[in-house]
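In the UniProt record's numbering, the protein residues as written are 1 to 119.
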């Protein structure tokens, strides 16, 4: 299956960016938790994410729906995509990817699906 993803965090960067769902035109902004900007830790010898990370536009994990596989409600965000190809995308790029598989995570008690993909 082929889909289009929006790149929020390009490969080799570590600022945790997200599509803003509450602002006009949905800009990509740095995530804030407890008043502090969020960053991804480096994993030696690499700097930042080792892949392109983003989301599928026009998708949503419904917080009113209990997922039958995880037993938890959705996280109220678009579905995340981990793109594992060699490309170093730019923030905001829309790239065509092939979906390889899925991972169901529970993050702070909420279902957070990740799609594994390649460009």
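Ideal Cβ positions, reconstructed from N, Cα and C, are used throughout, including at glycine.
Bear in mind that the values here come from a model prediction, so they are computed numbers and not experimental data.
Alpha carbon to alpha carbon, how far is residue 30 from residue 49? Give it in angstroms, no decimals.
Taking the first residue of the chain shown as position 1, residue 49 is located at position 49. Taking the first residue of the chain shown as position 1, residue 30 is located at position 30. Using only the alpha carbons, I get a separation of about 15 Å.
Residues in the same chain with beta-carbon distance under 7 Å from residue 85, minus the five sequence neighbours each way, listed in chain order, please.
For the purposes of this step, residue 85 is taken as the residue at position 85 of the chain shown. Closer than 7 Å at the Cβ level, and outside the excluded window around residue 85, lie 118 and 119.
Can the beta-carbon of residue 74 be found less than 9 Å from the beta-carbon of residue 64?
For this step, residue 74 is matched to residue 74 along the chain shown. For this step, residue 64 is matched to residue 64 along the chain shown. For residue 74 and residue 64, yes; Cβs fall inside 9 Å.
By how many angstroms is the C-alpha of residue 12 removed from the C-alpha of residue 45?
Translated into positions along the chain shown, residue 45 becomes position 45. Translated into positions along the chain shown, residue 12 becomes position 12. The straight-line gap from Cα to Cα measures roughly 11 Å.
Quick one: what's residue 53 bridged to in DSSP?
In the chain shown, residue 53 corresponds to position 53, counting from 1. Partner(s): 9 and 82.
Endpoints, the beta strand (DSSP E) within which residue 115 is located:
Here residue 115 refers to the residue found at position 115 when the chain shown is read from its first residue. That run of the beta strand (DSSP E) goes 110–118.
Would residue 36 and residue 69 be called neighbours here (beta carbons separated by less than 9 Å)?
Translated into the one-based positions of the chain shown, residue 36 becomes position 36. Translated into the one-based positions of the chain shown, residue 69 becomes position 69. No, the Cβ-Cβ distance between residue 36 and residue 69 is not below 9 Å.
Taking the CB atoms as reference points, tell me whether residue 57 and residue 78 lie closer together than 9 Å.
By 1-based counting over the chain shown, the position of residue 57 is 57. By 1-based counting over the chain shown, the position of residue 78 is 78. It is a contact, given that the beta carbons lie within the stated cut-off.
Buried or exposed, going by whether 16 or more other CB atoms sit within 10 Å of the CB of residue 52?
Locating residue 52 in the chain shown gives position 52, where the first residue counts as 1. Burial call: buried.
Backbone secondary structure at residue 89 - three-state DSSP
Here residue 89 is taken as the residue at index 89 of the chain shown, counted from 1. Note: residue 89 maps to coil in three-state DSSP.
Supposed contact pair residue 81 and residue 5 - C-beta distance, whole angstroms, cut 8 Å
Translated into the one-based positions of the chain shown, residue 5 becomes position 5. Translated into the one-based positions of the chain shown, residue 81 becomes position 81. Yes, they are in contact, since the Cβ atoms of residue 5 and residue 81 sit about 4 Å apart, within 8 Å.
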